[in-house]
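Student: To start, I am sharing the structure in question, which I have written as structure tokens.
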Amino acid sequence: MQPSGDHLAPTADTITIECRFFARYAEVLGREVLPLELPESATVGDAVRELRRTLPASDMLPERPLAAVNRRHTPLTGRLAHGDELAFLPPMAGG
Amino acid sequence: MGYCTHEPIDVGRLMAAVGDGERGGTVAFVGSVRGGPEDGPVTAIDYSGYEEMLAEELGRIIEEARERWPEATFAAQHRLGRVPRGEPSIAVIAAAPHRDEAFAACRHVIEEAKRRLPVWKKELFEDGAARWREE
Chain A
113 MQPSGDHLAP TADTITIECR FFARYAEVLG REVLPLELPE SATVGDAVRE
163 LRRTLPASDM LPERPLAAVN RRHTPLTGRL AHGDELAFLP PMAGG
Chain B
482 MGYCTHEPID VGRLMAAVGD GERGGTVAFV GSVRGGPEDG PVTAIDYSGY
532 EEMLAEELGR IIEEARERWP EATFAAQHRL GRVPRGEPSI AVIAAAPHRD
582 EAFAACRHVI EEAKRRLPVW KKELFEDGAA RWREE
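Chain order of the listed sequences is A and B. With the working numbering as the guide, the letters of the first sequence map in order to residues 113 to 207. With the working numbering as the guide, the letters of the second sequence map in order to residues 482 to 616.
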């Protein structure tokens, strides 16, 4: 499981998702979008663990960040599917 | 009128959007950029958001409020980009037949918006400093 660069075609037993980062996360990471290849049955929590293992500024992402899949708040146990958009949300401060 | 704007919020236009003569109570919550003593010399806030989700989530919040207060009507808008001190960053309007429902419905929507909308703010200070504010 590695950040997959421009490689978007999944193999038989993996999926590729698009991770999105916002605000402080994007600032620290230096990018807003990152494709990520994961096993077929991966959850949001699996994606977090993989990113924390492989990202250069891995400590910018907490162990239990707020996340959204396809623009809906999703817990760490939420299952991912190929092509999903997984957004990591810093503590929100709207209004 | 979208749920998200990069222009100044026109509160009067939002209020006009919910008024139809059948609802006797209209409550408006308007949240503005503040630079009070506890905040320091804030000159503006840069609001950034996950815009696609912001619009969808605010729509879901209002839909849930409609189910809870079926006689109420709602309008809401969040501003993104640089908002100078004193200018509104969010407005929520709820109109209902009576004031109790209007107050409760408006309060519900703003509290859910504060909790659920993917929006972040960077405070800008008089001396040029900037700081993410996480609440």
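All C-beta atoms in this analysis are idealised placements derived from N, C-alpha and C, irrespective of residue type, glycine included.
Roughly how many angstroms separate the alpha carbons of S116 of chain A and L148 of chain A, rounded to a whole number?
Tutor: Residue placement at S116 of chain A is poorly supported in this model, since its pLDDT is 48, which falls under 50; the coordinates still yield a value, given next. So the alpha carbons of these two residues sit roughly 5 Å apart.
Student: Quick one: does P203 of chain A have its CB under 8 Å from some CB of chain B?
Tutor: So, interface residue.
Student: Please list the residues of the stretch 131–144 of chain A that have a C-beta atom closer than 7 Å to any C-beta atom in chain B, keeping them in chain order.
Tutor: Correct list: F134, A135 and R136.
Student: Indicate the three-state DSSP secondary structure (helix, strand or coil) for D196 of chain A in the structure shown.
Tutor: The answer is coil: DSSP assigns D196 of chain A none of H, G, I, E or B.
Student: Which residues does DSSP list as the beta-bridge partners of S513 of chain B?
Tutor: DSSP, once it has assigned bridges, lists B:P569 as partnering S513 of chain B.
Student: Within 10 angstroms of the Cβ of G502 of chain B, are there 16 or more other Cβ atoms? Answer buried if so, exposed if not.
Tutor: Exposed is the call here.
Student: Where does the unbroken beta strand (DSSP E) through E604 of chain B begin, and where does it stop?
Tutor: Here the beta strand (DSSP E) through E604 of chain B covers V600 to F606.
Student: Which residue from B:T507, B:R596, B:D520 and B:G521 puts its Cα closest to that of A585 of chain B?
Tutor: Answer by Cα proximity: B:T507.
Student: Using only CA atoms, which one of B:A525, B:A556, B:A583 and B:E488 lies nearest to E607 of chain B?
Tutor: Minimum Cα distance to E607 of chain B is reached at B:A525.
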